[in-house]
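Q: Protein chains in written order, with the numbering used here: chain A, 789 to 902; chain B, 410 to 524. A virtual CB, placed ideally from N, CA and C, is assigned to each residue, including glycine. Note that this is a predicted model, so its numbers are computed, not measured.
Listed below in structure tokens is the structure:
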């Protein structure tokens with residue numbers, strides 16, 4: 789069974805640009821969550837999608853957005869990039885996204901903002 | 410409070426020793442407590458998880474101890490091996506079985522096991 793895949797793995801952007809990251813969940817998984825990982829703040833929850841609907845959202849500005857498609861694949865977008873957005877962005881999928889469901893993480897997309 | 414506090418930040422253990430990582434939480438609505446292991450360049454992988462209706466769960470060399478009254482839980486790695494060298498994260502999630510699926514993570518512990 790293929791794991792969670794994320795593309796691209798590495799990305800370099802400049803301030804003010806926007807970026808789109810992609811996540812393909814494990815086959816059959818309907819919930820996709822996104823997390824930001826930085827050395828200072830650790831792993832922080834961005835948002836969760838289930839059946840194409842954002843079901844839960846973390847404490848991030850509106851520049852961070854996402855969507856989910858009918859095949860459960862998900863994208864997240866960051867507009868007007870800031871230096872502080874440099875981070876590893878992780879996607880995790882689970883069957884139903886319920887508390888207690890095991891979340892399987894992808895390898896992440898390393899975003900560097902110059 | 411939606412926080413999980415993890416300690417220590419880093420840990421060095423000799424091969425064969427016991428590694429102990431501690432976490433504390435405040436929100437009594439948390440009722441699912443997983444531990445994740447992350448190697449460099451990889452995403453976190455679930456190691457072991459516990460619910461508050463049990464005080465201990467063991468899987469191989471890994472044991473979670475849970476103290477509901479103190480709102481603390483810990484990971485014990487017995488017979489630590491160099492291959493266990495990684496960053497470990499505790500996490501908590503509310504509403505087991507409910508619709509809340511996001512995890513709240515501790516800041517992580519970098520474990521180094523010396524041969």
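For residue 878 of chain A, which beta-bridge partners are listed by DSSP?
A: Working through the first chain from its first residue, we reach residue 878 of chain A at position 90. Looking at the DSSP assignment, residue 878 of chain A forms a beta bridge with A/823.
Q: Could you tell me which residues DSSP pairs with residue 424 of chain B in its beta bridges?
A: As a position in the second chain, residue 424 of chain B is number 15, starting the count at 1. For residue 424 of chain B, which the question treats as bridged, DSSP gives no partner whatsoever.
Q: My guess is that residue 355 of chain B and residue 424 of chain B are in contact by the Cβ rule of under 8 Å, so how many angstroms apart are they, rounded?
A: This structure does not reach residue 355 of chain B, given that chain B is present from 410 up to 524, and the question cannot be answered.
Q: Do residue 866 of chain A and residue 843 of chain A have their CB atoms nearer than 7 Å?
A: Counting from one through the first chain, the residue named residue 866 of chain A turns up at place 78. Counting from one through the first chain, the residue named residue 843 of chain A turns up at place 55. No, Cβ-Cβ distance for residue 866 of chain A and residue 843 of chain A is not below 7 Å.
Q: Run through chain A and tell me which residues come within less than 9 Å of residue 454 of chain B, C-beta to C-beta.
A: By one-based count along the second chain, residue 454 of chain B stands at place 45. Within chain A, the residues near residue 454 of chain B are 892, 893.
Q: Using CA coordinates, which residue listed in A/872, A/861, A/891, A/860 is at the minimum distance from residue 848 of chain A?
A: Residue mapping note: residue 848 of chain A aligns to position 60 of the first chain, counting from 1. Comparing Cα-Cα distances from residue 848 of chain A to each of A/872, A/861, A/891, A/860, the minimum goes to A/872.
Q: What residues in the stretch 799 to 829 of chain A have a beta carbon less than 7 Å from any beta carbon of chain B?
A: Cβ contacts with chain B come from 819, 821.
Q: Quick one: using the 10 Å Cβ neighbour count with 16 as the cut-off for buried, is residue 476 of chain B buried or exposed?
A: On the second chain, residue 476 of chain B is found 67 positions in, with the first residue counted as 1. Exposed: under 16 other Cβ atoms inside 10 Å.
Q: To which residues of the same chain is residue 489 of chain B closer than 6 Å at the C-beta, ignoring the five residues directly before and after it?
A: Within the second chain, residue 489 of chain B is the residue found at index 80, counting from 1. For residue 489 of chain B, where only same-chain residues beyond five positions count, the Cβ hits under 6 Å are 422, 426, 428, 522.
Q: Mapping the DSSP letters down to three states, classify residue 894 of chain A as helix, strand or coil.
A: For the purposes of this step, residue 894 of chain A is identified with residue 106 of the first chain, where counting begins at 1. Residue state, collapsed to three classes: coil.
Q: Shorter than 7 Å from the beta carbon of residue 896 of chain A to some beta carbon of chain B?
A: Here residue 896 of chain A is taken as the residue at index 108 of the first chain, counted from 1. Closer than 7 Å: yes.
Q: Return no unless some Cβ of chain B is closer than 7 Å to the Cβ of residue 848 of chain A.
A: Locating residue 848 of chain A in the first chain gives position 60, where the first residue counts as 1. Not one chain B Cβ lies under 7 Å of residue 848 of chain A.
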